[in-house]
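Chemist: One structure follows; several queries about it will come next.
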Amino acid sequence: MAEEKIYDCIIIGAGPGGLQAAIYLGRYNRDVLLIDRGGGRTWHARHIENFITQKTISGKEIIEKGLEQARSFNVKIEKGTVTKAIKNDQFEVYAGEKRYLSRFVIVSSGVYDHLPQIENLYKFLGTSFFTCVDCDGYRTTNKKLVIIGNSLKSVHLAIAMKEMFTKDITLVLYTDKLPDEYREELVEGNIRLIIGRPVKILGSEKMEGLEIKGEQRVECEVIMSHFGYKLNDAFLSELNLKRDGKGFKFIVNNDYESSLSGLYIVGPLNQGHDQAIIAAGEGAVAAIDIKKRLLEL
2 MAEEKIYDCI IIGAGPGGLQ AAIYLGRYNR DVLLIDRGGG RTWHARHIEN FITQKTISGK
62 EIIEKGLEQA RSFNVKIEKG TVTKAIKNDQ FEVYAGEKRY LSRFVIVSSG VYDHLPQIEN
122 LYKFLGTSFF TCVDCDGYRT TNKKLVIIGN SLKSVHLAIA MKEMFTKDIT LVLYTDKLPD
182 EYREELVEGN IRLIIGRPVK ILGSEKMEGL EIKGEQRVEC EVIMSHFGYK LNDAFLSELN
242 LKRDGKGFKF IVNNDYESSL SGLYIVGPLN QGHDQAIIAA GEGAVAAIDI KKRLLEL
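Position 55 of the sequence shown, counting from 1, maps to 56 under the working numbering, and the rest follow consecutively.
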């Protein structure tokens with residue numbers, strides 16, 4: 002089902018970047034459609050403490066207030082999952098059975114964390130089970146911390162977190178392919194190393210420990226998971242956008258425009274840092290650039 006109206010901009014995803022862009026473009030009295038599937042990484046964040054003026058706020062609050070603010074500037078908001086985006090004379094964005102047309106597109110679709118299969122994980126997710134050191138490392142300060150991961154980068158993370166947050170760290174690695182120099186570095190840092198596979202988080206109201214396969218138990222109050230994430234980018238597959246040297250994240254310019262003219266990418270899909278406040282700034286920059294280009298049209 003085609004909607005023949007041509008929007009000035011379609012925004013995909015109601016993360017901080019998408020919402021900030023929607024607010025800016027709405028305030029320019031532009032025709033804006035924001036399509037959001039719901040949920041997402043920001044939505045599940047329980048405590049955001051590094052967003053200016055907000056001593057602490059949940060991601061859910063940021064999104065709900067952002068949606069309300071965008072609506073106040075006449076941004077049209079629809080719930081839906083975008084399945085495909087292509088460009089002919091205009092951009093065509095498909096969500097379910099609907100097709101929308103637009104002069105510009107901003108992608109703010111976010112990522113999915115790779116979460117290990119551990120019993121009781123979701124019970125503690127966002128309160129004492131974390132996935133981002135920049136977002137939640139502070140919440141591990143002076144606590145018994147377990148870091149779980151499957152790469153050498155997890156060793157680097159353990160050493161960094163000891164310097165910044167807590168001296169009581171146990172590193173649980175899924176792999177035993179650890180070079181001797183890394184093992185020595187952990188010993189020197191007094192960081193306990195366990196090779197094994199976590200199976201269950203222990204505790205009822207508060208996290209008390211982690212059970213490793215084979216019935217080994219480690220006391221802990223907080224866990225930092227380090228398994229990376231997957232981009233929510235399948236709907237962009239037909240656009241042949243340029244990516245970084247690893248073929249992972251999208252390359253953008255200083256205004257967050259991708260290699261395809263008119264398509265902007267904000268948030269963790271580009272090569273910048275993955276933080277709510279940074280994504281919001283990127284959304285503002287993209288919206289200002291689109292404003293200028295619409296005037297040129």
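Cβ coordinates follow ideal geometry from the N, Cα and C atoms, glycine included.
(1) At 3 residues or longer, and completely inside the region 161–249: list those beta strand (DSSP E) runs for me, N to C.
(2) Less than 8 Å between C-beta atoms, sequence neighbours within five positions excluded: which residues of the same chain meet that for residue 146?
(3) Going by DSSP in three states, residue 145 sits in which element: helix, strand or coil?
(4) Cα separation between residue 159 and residue 148?
(5) What are the boundary residues of the beta strand (DSSP E) that includes residue 305?
(6) Taking buried to mean at least 16 other C-beta atoms within 10 Å of its own C-beta, is residue 243 buried or exposed?
(7) Based on the DSSP secondary-structure assignment, which residues constitute the bridge partners of residue 107?
(8) Answer with buried or exposed for residue 207, where buried requires no fewer than 16 other C-beta atoms within 10 angstroms of its C-beta.
(9) Hey, out of 201, 292, 268 and 295, whose CA is closest to residue 43's CA?
(10) According to DSSP, is residue 154 part of a helix, a strand, or is it coil?
(11) Find the nearest neighbour of residue 202 within the set 253, 277, 123 and 135, judged by alpha-carbon distance.
(12) Cβ atoms of residue 285 and residue 55: under 8 Å apart, would you say?
(13) Tell me which residue opens and which closes the alpha helix (DSSP H) that residue 92 is part of.
(14) Which value, in whole angstroms, describes the spacing of the CA atoms of residue 91 and residue 103?
(15) Just to confirm, is the Cβ distance from residue 25 to residue 101 under 8 Å?
(16) Using CA coordinates, which residue listed in 74, 33 and 200 is at the minimum distance from residue 120?
(17) Would you mind working out which of 37, 80, 5 and 293 sits nearest residue 233, comparing C-alpha positions?
(18) Have a look at the DSSP bridge pairing and note the partners of residue 101.
(19) The beta strand (DSSP E) that contains residue 56, what's its start and end?
(20) Put residue 5 into one of helix, strand or coil per three-state DSSP.
(21) Confirm, please, whether the CB-CB distance from residue 112 to residue 231 is below 8 Å.
(22) Residue 87: which of 188, 264 and 32 sits nearest, CA to CA?
(23) Who are the near neighbours of residue 155 in its chain, counting only those whose CB is closer than 8 Å to its CB and skipping five residues on each side?
Modeler: The short version:
(1) Counting only runs of 3 or more, we get 170–174, 193–196, 199–203, 210–213, 217–220, 223–227 and 230–232.
(2) As a first step, residue 146 is located in the sequence shown; it is residue number 145 there, counting from the start. 162, 166, 167, 169, 170, 171, 221, 222, 223, 224 and 225, listed in sequence order.
(3) To locate residue 145, count along the sequence shown from 1; it is residue 144. Residue 145: coil per DSSP, three-state reduction.
(4) Here residue 159 refers to the residue found at position 158 of the sequence shown. Here residue 148 refers to the residue found at position 147 of the sequence shown. Looking at the two C-alpha atoms, the distance is approximately 7 Å.
(5) The structure shown does not extend to residue 305, since the chain is modelled only from 2 to 298, so the question has no answer here.
(6) Residue numbering aside, residue 243 sits at position 242 when the sequence shown is read from its first letter. Under the 10 Å beta carbon count, residue 243 is surrounded by fewer than 16 other beta carbons and is classified as exposed.
(7) Along the sequence shown, read from residue 1 onward, the residue named residue 107 stands at position 106. 12 and 265.
(8) As a position in the sequence shown, residue 207 is number 206, starting the count at 1. It counts as exposed.
(9) Residue 43 sits at position 42 when you count from the first residue of the sequence shown. Closest option to residue 43, Cα to Cα, is 268.
(10) Stepping through the sequence shown from its first residue, residue 154 is reached at position 153. DSSP places residue 154 in helix when its eight states are reduced to three.
(11) As a first step, residue 202 is located in the sequence shown; it is residue number 201 there, counting from the start. When each option's Cα is compared against that of residue 202, the closest is 123.
(12) One-based indexing of the sequence shown puts residue 55 at position 54. One-based indexing of the sequence shown puts residue 285 at position 284. Between residue 55 and residue 285, the C-beta gap is not smaller than 8 Å, which leaves the two residues out of contact.
(13) The residue labelled residue 92 in the question sits at position 91 within the sequence shown. In this chain, residue 92 is not harboured by any alpha helix (DSSP H); it is covered by the beta strand (DSSP E) spanning 92–96.
(14) Working through the sequence shown from its first residue, we reach residue 91 at position 90. Working through the sequence shown from its first residue, we reach residue 103 at position 102. Rounded to the nearest angstrom, the two C-alpha atoms are 6 Å apart.
(15) Taking the first residue of the sequence shown as 1, we reach residue 25 at position 24. Taking the first residue of the sequence shown as 1, we reach residue 101 at position 100. In this structure, residue 101 does not lie closer than 8 Å to residue 25 by Cβ.
(16) For this step, residue 120 is matched to residue 119 along the sequence shown. Taking each of 74, 33 and 200 in turn and checking the Cα distance to residue 120, the smallest one comes out for 200.
(17) For this step, residue 233 is matched to residue 232 along the sequence shown. For the residues 37, 80, 5 and 293, the minimum Cα distance to residue 233 belongs to 37.
(18) The count along the sequence shown starts at 1 and reaches residue 101 at position 100. In the DSSP output, where bridge partners are listed per residue, residue 101 has 94.
(19) Taking the first residue of the sequence shown as 1, we reach residue 56 at position 55. Going by DSSP, residue 56 is part of no beta strand (DSSP E) at all; its letter is neither H nor E.
(20) Walking along the sequence shown from the start, residue 5 turns up at place 4. Strand, per DSSP.
(21) Indexing the sequence shown from 1 puts residue 231 at position 230. Indexing the sequence shown from 1 puts residue 112 at position 111. Contact: yes.
(22) Taking the first residue of the sequence shown as position 1, residue 87 is located at position 86. Taking each of 188, 264 and 32 in turn and checking the Cα distance to residue 87, the smallest one comes out for 264.
(23) As a first step, residue 155 is located in the sequence shown; it is residue number 154 there, counting from the start. 148, 149, 172, 174 and 227.
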